[in-house]
Amino acid sequence: MEFLTVIIVLIVIFALLFDFINGFHDTANAIATSVSTKALTPRRAIILAAVMNFVGALTFTGVAQTITSGITDPFKLDNGLAVILAALIAAIIWNLVTWYAGIPSSSSHAIIGAITGAVIVSAGFDAIHFQGFLSILEALIFSPVLAFVVGFILYGIIKVIFKNSNLAKTNKRFRLVQVLTASVQSFAHGTNDAQKSMGIITMALIVGGMHTTTDIPFWVQVSCAAAMALGTSVGGWRIIKTVGGKIMKIRPVNGVAADLTGAAVIFGATLIHLPVSTTHVISSGILGVGASHRPKGVNWGVAKRMVVTWVITLPITATLGGVIYYILNFFL
5 MEFLTVIIVL
15 IVIFALLFDF
25 INGFHDTANA
35 IATSVSTKAL
45 TPRRAIILAA
55 VMNFVGALTF
65 TGVAQTITSG
75 ITDPFKLDNG
85 LAVILAALIA
95 AIIWNLVTWY
105 AGIPSSSSHA
115 IIGAITGAVI
125 VSAGFDAIHF
135 QGFLSILEAL
145 IFSPVLAFVV
155 GFILYGIIKV
165 IFKNSNLAKT
175 NKRFRLVQVL
185 TASVQSFAHG
195 TNDAQKSMGI
205 ITMALIVGGM
215 HTTTDIPFWV
225 QVSCAAAMAL
235 GTSVGGWRII
245 KTVGGKIMKI
255 RPVNGVAADL
265 TGAAVIFGAT
275 LIHLPVSTTH
285 VISSGILGVG
295 ASHRPKGVNW
305 GVAKRMVVTW
315 VITLPITATL
325 GGVIYYILNF
335 FL
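Our numbering puts the first residue of the sequence shown at 5, with every later residue one more than the last.
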């Protein structure tokens, strides 16, 4: 097997590993609220999330195409395979560190920051598509703000509609509804998150001369969808505990509002082909719902810790991606 082919195979393996880790790292995003309210048992919630993530991942490819060519031009990228491999290694390291610490950081920030840093070290700032990069950055920054606002407003509307309802009966009904909203959120999660690895693999195939367009090969779609679903089935219990319980005490009505908020914002981004951080969006949706319900009931200390992690992820992974590329460049 030629050396070039070996490197591409290695990149595919690392990309699927990233997707697998992304799956268990982000399982909490889709099911934490339904588990915390006991709308679903952890086992059933994870199975549901895995299935819906898989279906969602096979449904769209627009975000994957944005990752493939939005940050840099894969057709003109010097040492592109080393850049991609370095980015994957950097993103995987950061995901594992934050998973171990139980911090719901962003896999999207990690991979985008790592790619950017590796490209800059490889080919300089001129190799970055700044218009595309800024569009991605704007989506990453504004989507959590939008989720907070939507969650706040949506829960406010629900409070008005059900203000005269019996609390026990309302929670029982919303617990049933939450099974549906968790499914919708898991589907939306798959439409956006799994596509990052699809874009990475397609970029590697282009750089290696094995693919001539930014269209995503079907085998790449299926492989990434399966890796994400498998990772989801493993579960991320440390992060489930943070998202599902430490931000605020979640009741079924809160969970439904948070699920709908997350699904709406993530799916909206998918439709306009922009990658967003599902972690940021869903956590911010929960914060918005909590602030609307009872601001004092929100653990703003945990929220602050999450925001700090969100802010530092891009520069840390960009630096890590650049350093790893510099090392790999001696061997590839």
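All residues carry an ideal CB built from backbone N, CA and C; glycine is no exception.
If you're wondering where the values come from, they're calculated on a predicted model, not measured in any experiment.
Note on the region 101-185: whole alpha helix (DSSP H) runs with a minimum of 4 residues are 111-127 and 134-165, in chain order. Thr217 carries a coil assignment under DSSP once its states are collapsed to helix, strand and coil. The region 210-218 makes no contact with the region 37-49; the number of CB pairs closer than 8 Å stays below 3. In the assembly as shown, Asp219 is an exposed residue. Its beta-carbon has fewer than 16 other beta-carbons within 10 Å. Of the residues Ile165, Leu20, Ala131 and Ala186, the one whose Cα lies closest to the Cα of Trp223 is Leu20. Per the DSSP secondary-structure output, Thr76 pairs in a beta bridge with Ile132. Leaving aside the five residues that flank Val293 on each side, the residues in its chain whose CB is nearer than 6 Å to its CB run, in chain order, Gly155, Tyr159, Asn258, Ala261 and Ala262. Distances from the alpha-carbon of Gln225 to those of Gly203, Thr217 and Ser237 put Gly203 closest. In this structure, Ala186 sits away from Ala54, with a CB-CB distance that is not shorter than 8 Å. Within the same chain, Gly121, Ala122, Ile124 and Val125 come within 7 Å of Gly326 by CB-CB distance, once the 5 residues on both sides are set aside.
For the pair Ile140 and Ile119, the CB atoms are not nearer than the 8 Å cut-off. By the neighbour-count criterion, in which a residue is buried when 16 or more other Cβ atoms sit within 10 angstroms of its Cβ, Val315 is exposed. Secondary structure at His277: coil, using DSSP grouped into helix, strand and coil. Assigned with DSSP and collapsed to three states, Ile50 falls in helix.
Only exposed fits Leu275, as fewer than 16 other CB atoms lie within 10 angstroms of its CB. Taking a contact to require three or more Cβ pairs closer than 8 Å, the region 293-305 and the region 76-90 do not qualify as touching. In terms of CA proximity to Ala127, Ile75 leads the group Asn57, Ile75, Gly301 and Gln199. Under the three-state reduction of DSSP, Gly326 is assigned to helix. Judged by beta-carbon spacing, Asp197 lies within the 8 Å limit of Thr282, meaning their Cβ atoms are closer than that value. Looking at the backbone, the Cα of Gly194 and that of Met207 are separated by about 20 Å.
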